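Since the structure comes first, as structure tokens, the remarks are kept for the end.
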Amino acid sequence: MDMKQCYLCGGTEFNKRPGSVRDNPELEVLECASCGLVFLSSFDHIRDGFYENSEMPTVNVGSRQNGRLRSTNVIDTKYDKKEIKLALEKCLFDKTFRDSIKNCPNPYGTGNSGNKIAKVLAEVSIDQKLLRKRITY
Ligand SMILES: [Zn+2]
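In this note's numbering, the protein residues as written are 1 to 137.
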């Protein structure tokens, strides 16, 4: 997904900033011409949960991630410059916060649930107990 509209102000004009992304030199660093928000030209390289599971201090701006599991490294803010600034300062300079998120739990588990499910399915006995349903609610 290429960035077409600024998440913060809705602006549609961007200026290219110097710099690059180590792992993907094709990404450009852009700055919103209206509000100055700096971001990357694409988010395609980021899968769901990328930052939430990284133990990296993370600021989540807006409601897009509402209802999703997240770990303690994510600070949610509204579309509010002051609130975003405070959250960024906490991420960058609050040693207590930074220490608290080291080894924060990953709410999505360890990534091997498919193997666990396959093992249970391979070992479950298929008999009348499994086939007969009983509604208990
Ligand atoms: Zn903007």
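C-beta atoms are modelled at their ideal positions from N, C-alpha and C, and glycine is treated no differently.
Just so we're clear, the structure is a prediction, and the values are computed from it rather than from any experiment.
At least one heavy atom of ligand 1 sits closer than 7 Å to the Cβ of L37.
In the structure shown, the three-state DSSP call for C32 is strand.
Taking the CA atoms as reference points, K119 sits about 28 Å from C104. Per DSSP, the continuous alpha helix (DSSP H) segment holding V120 begins and ends at S113 to E123. The residue from F97, K16 and P25 with its alpha-carbon nearest to that of E31 is K16.
Relative to ligand 1, the nearest heavy atom lies less than 7 Å away from the CB of G11. For I84, the uninterrupted alpha helix (DSSP H) segment begins and ends at K81 to F93. Beta-bridge analysis with DSSP links T58 to V74. Of V59, I75, S41 and L37, the smallest CA-CA separation from V29 is found for S41.
Taking the Cβ atoms as the reference, R70 lies roughly 6 Å from P107, within the contact range of under 8 Å.
For L8, the distance from the CB to the nearest heavy atom of ligand 1 is below 7 Å.
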